[in-house]
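Below is one structure, written out as structure tokens; comments come after it.
In the numbering used here, the protein residues as written are 754 to 891.
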């Protein structure tokens, strides 16, 4: 009986040890796959004065949609959240901004709104964003 108890206790400690290693590895993996940045965030809409001759088509070739963001410093398809402004809503980079915003520090993002009034009301503001890097990128 004592032997069995000792075996079970040793097994429990070993499994707990493996679990702790696993959790710390997951935490490290996830922290390497996200970045926190402070950027200038502005709003834009699909009006001819704010876009090119195809106002409802993004630079990636997709139709505009709720959750669209333009950014020159992030790859197409990159997912971001803007917790201080939009909570946990996920945005996807599918558009580009004017070339004058390339490589600005801090970065600059442009959030798509369905109408010009919404974009103007959003204005320009500093925003903290969380960038989710692709999980299987090299």
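Using N, Cα and C, we set each Cβ at its ideal position, and we do this for glycine too.
Could you spell out where the alpha helix (DSSP H) holding residue i opens and where it closes?
i: residue 874; result: 869-875
i: residue 844; result: Here residue 844 belongs to no alpha helix (DSSP H); instead the beta strand (DSSP E) covers 843-848.
i: residue 837; result: 836-839
Roughly how many whole angstroms lie between the Cα atoms of residue i and residue j?
i: residue 818; j: residue 854; result: 22 Å
i: residue 827; j: residue 846; result: 7 Å
i: residue 768; j: residue 760; result: 12 Å
i: residue 782; j: residue 879; result: Annotation note: pLDDT 49 at residue 782 (below 50); position unreliable, coordinate value reported separately. Rounded to the nearest angstrom, the two C-alpha atoms are 28 Å apart.
i: residue 809; j: residue 773; result: 49 Å
i: residue 834; j: residue 865; result: 14 Å
i: residue 813; j: residue 764; result: 54 Å
i: residue 830; j: residue 758; result: 53 Å
Look at residue i and residue j and say whether their C-beta atoms are less than 9 Å apart.
i: residue 793; j: residue 872; result: no
i: residue 796; j: residue 844; result: no
i: residue 798; j: residue 868; result: yes
So the candidates are the options; which of them puts its Cα closest to the Cα of residue i?
i: residue 860; options: 867, 849, 810 and 869; result: 849
i: residue 862; options: 840, 822, 870 and 764; result: 822
List the endpoints of the continuous beta strand (DSSP E) containing residue i.
i: residue 796; result: 787-798
i: residue 821; result: 821-824
Looking at C-beta atoms only, is the number of pairs between the segment 871-890 and the segment 788-797 that lie closer than 8 Å three or more?
yes
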